[in-house]
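Here the structure comes first, spelled out in structure tokens, and everything after it is commentary.
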Amino acid sequence: MPATRRPHLRRWNALPALVRNAPPRVLLLVGAIVVALGVLIVSRPLTSLVLLGVYVGASAVAMGVVELVGRPAGWWQRAVSAAWIVAGLAVLVWLGRSLELLPPVLAVLLVIGGLASVGRATGAGPASARILALAWGVAQIAFGLLSFTWPDVTVLVLAVVFGVRTVVFGLGVFWRGVVGIRRPRQRKEPFDAQRAVRRRVIRARWAAAGRYALSLVLVATAAGGWWLNDWLDDGAPVVDAFYDPPAQVPSGHGRLIRSDAYLGRLPENGDVSRILYTTRDALDRPAVASALVIVPKDPPAGPRPVIVWNHGTTGVAQGCAPSLRDASATKWSIPALEQALKAGWVVVASDFSGQGAPGGYPYLIGEGEARSSLDAVLATAELRTDLTLSPDTVVWGHSQGGHAALWTTAIAKDYAPGLDVLGTAVVAPVADPPALAEELLSGPPNAMLSVITSWVLVPYSETYPDVRLDDYIAEGSRSIVLEMTQRCSSEPGVVVSVLAALGVSEDRPLYSADLTDGALGERLAENAMTAPLGTPMLVAWGADDEVIPPKLQRDYVAKLCTEGQDVRWATYAGYDHLRPILPKSRFLPVLYDWTKKLIERKDQVIDGCGLR
């Protein structure tokens, strides 16, 4: 090979150039160390994040130095070499901070490497080699740009890629050491020039075919990555301008800001509007929230009773608002909706502040959820001149919404004294967040648990100054945890969060502290609502609930009974977490009949404590 080609090879990897001429025993030692390093990165991609940062920084500096020593051909190569060195030094010098910056740094390094490859494609050499350099460069640039969209997966995937690449290289170095020690002295054979030429031609053809095939794979992979990105983006909800509050909003809470038609599917017996209104957040600061208001098509004359529906978990990002989803005003999302509309009841379903409208989302933060729900009812009173709301109000909720419903009833008398809450029906409620956290964390870790934990931890840290996110998460995992909170449970992108959670090691490294301890544990306890409400309650759950253990519901009902609360309860065999509120559920007639008798002031069995 001509001497002028050697620097070109060095640019592909710095470490091979540094150990190319090392003694066999040195190669054995270097190979073993590099293999161990690669295995550590692959097996523990998150907990070895500091190591990955050192590896990336040192590798970038070494690559840049070797390229400069190799006398690059022109200004382009020199600029790329300088960029490698600067980026590597930045990672090493600011390693503490750059752990959070590692995903964008890796993305930038990919782009730099891609530009270097594109530059090499314009130089001399076989056409197949230049095409491969171009394809490799374009692929690196494409994935570098995509990395900015999915930083949590980027750091894990690239960690694994770096790790696998390191293992392969280490094995190669180790094998060269073994061969160097065992290599017998070769016998000198007569040189056959024609055979040597034929071998070179055959090798060159196979090499060219391999380069073309690899180029096609790289182009197809990059195109597939962009297609997947577009598909995930198309599935993400879009928050339109309706949810942007004006600079000036009405004073006080529960005031209507604006209303508009709901863009999703409509129920058979109702008309749906979405509203934007003023409220107060969990810390009693002014906030804005959105809601759906579902009004019977032909409501009877006179004031209409109100059902306050509190939705279950949809995520914690602004785009996770139920009013942005297509089926949120149908019987598939709100139990017994069609029966309620036929009865002439108005259904008000808040998104809670921070979903739809900008702001902090009060996930399992009782007063924040409850204020959003109550203010949605108050704002609905300003919606139509031909619609009068009765003070008679019944609160429903499921899962997280069950927690919100309990708090809604608990603070209604003081926060919205004009409303008369007749009763509260909750399905699989999160009445005691600390108990739920202890129950879930006592079992084996899983990907969805990691995602849901981020949905609790991040809103709590954003709401309460004493809850510090870094006190509960592993070093360097902030970007992963924060990205998990940017995706909704109903969008395809939640798969990315699950993959990110699966990418970490099995000892739950995302969360390094007991989530029920310290400031977070105290705040979770503050948001429990297990005390009697003083008005009739209906509690139901599925016996096969896979999200909230049925044991917690039984304990909750037992506590209410002990403290003298009138509570009717029901458990449904064969039902999972969602089934009790879906159409044809055996619970729906019970819910409707119980609510109807409350509104009509008819006698009914309201206490099931003696049935336990």
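Under the numbering used here, think of the first position of the sequence shown as 8, with each following residue one higher.
Ideal Cβ placement from N, Cα and C applies to all residues, glycine included.
Taken atom to atom, the span from the alpha-carbon of residue 499 to that of residue 404 is near 26 Å. Under the DSSP assignment, residue 401 falls in the beta strand (DSSP E) whose first and last residues are 396 to 405.
Shown here, residue 579 sits in a strand according to DSSP, grouped into three states. Cα atoms of residue 466 and residue 532: separation of roughly 15 Å, rounded to the nearest angstrom. Considering only 554, 314, 304, 596, the residue with the shortest C-alpha distance to residue 428 is 314. For residue 287, no alpha helix (DSSP H) segment is defined; the enclosing uninterrupted segment is the beta strand (DSSP E) at 277 to 287. Here residue 402 is near residue 412, since their CB atoms are less than 7 Å apart.
In the DSSP assignment, residue 85 forms no beta bridge with any residue. Under the three-state reduction of DSSP, residue 431 is assigned to strand. Annotation for residue 152: 114, 118 place their beta carbon closer than 8 Å to its own, counting only its chain and skipping 5 residues before and after. In the DSSP assignment, residue 549 is bridged to 579.
According to DSSP, residue pairing for residue 233 in a beta bridge does not occur. Between residue 277 and residue 303, the CB-CB gap stays under 7 Å.
Scanning its chain for C-beta atoms nearer than 7 Å, with the 5 sequence neighbours on each side dropped, one finds around residue 595 the residues 342, 343, in chain order. The C-alpha of residue 245 is placed about 45 Å away from the C-alpha of residue 614. Less than 7 Å separates the beta-carbon of residue 296 from that of residue 360. Here the alpha carbons of residue 30 and residue 188 stand approximately 9 Å from one another.
Sequence-distant partners of residue 294 (beyond 5 residues in either direction) whose C-beta falls short of 7 Å from its own C-beta, in its chain, are 286, 287, 288, 360, 366.
Remark: three or more beta-carbon pairs, one from each stretch, lie closer than 8 Å, so the segment 573 to 585 and the segment 540 to 553 are flagged as touching. Among the bridge pairs identified by DSSP, residue 316 is matched with 356, 403.
Under the 10 Å beta carbon count, residue 444 is surrounded by 16 or more other beta carbons and is classified as buried.
In this structure, the beta-carbon distance from residue 71 to residue 92 falls below 7 Å. Judged by DSSP in its simplified three-state form, residue 587 adopts helix.
Residue 455 sits exposed, since fewer than 16 C-beta atoms from the chains shown fall within 10 Å of its C-beta.
Put simply, the segment 516 to 531 touches the segment 475 to 494. At least three CB pairs are less than 8 Å apart.
Here residue 267 is bridged, per DSSP, to 281. Cβ-Cβ distances below 7 Å link residue 232 to 149, 150, 153 in the same chain, with the five nearest sequence neighbours on each side left out; the list follows chain order.
Short of 6 Å from the beta carbon of residue 554, and not among the five residues preceding or following it, lie these beta carbons of its own chain, in chain order: 584.
In the three-state reduction of the DSSP assignment, residue 574 falls in the strand class, which pools E and B.
Here residue 294 carries a strand assignment [DSSP, helix/strand/coil].
By the CB criterion at 7 Å, residue 123 and residue 87 fall inside the cutoff. Here residue 147 is buried: its Cβ has 16 or more other Cβ atoms, across all protein chains shown, within 10 Å.
Residue 606 sits close to residue 399, with the two beta carbons spaced by under 7 Å. In this structure, DSSP gives residue 300 an extended state, which the three-state scheme calls strand.
Per DSSP, the unbroken alpha helix (DSSP H) holding residue 597 starts and ends at 594 to 606.
Just so you know, the alpha carbons of residue 234 and residue 491 end up roughly 21 Å apart.
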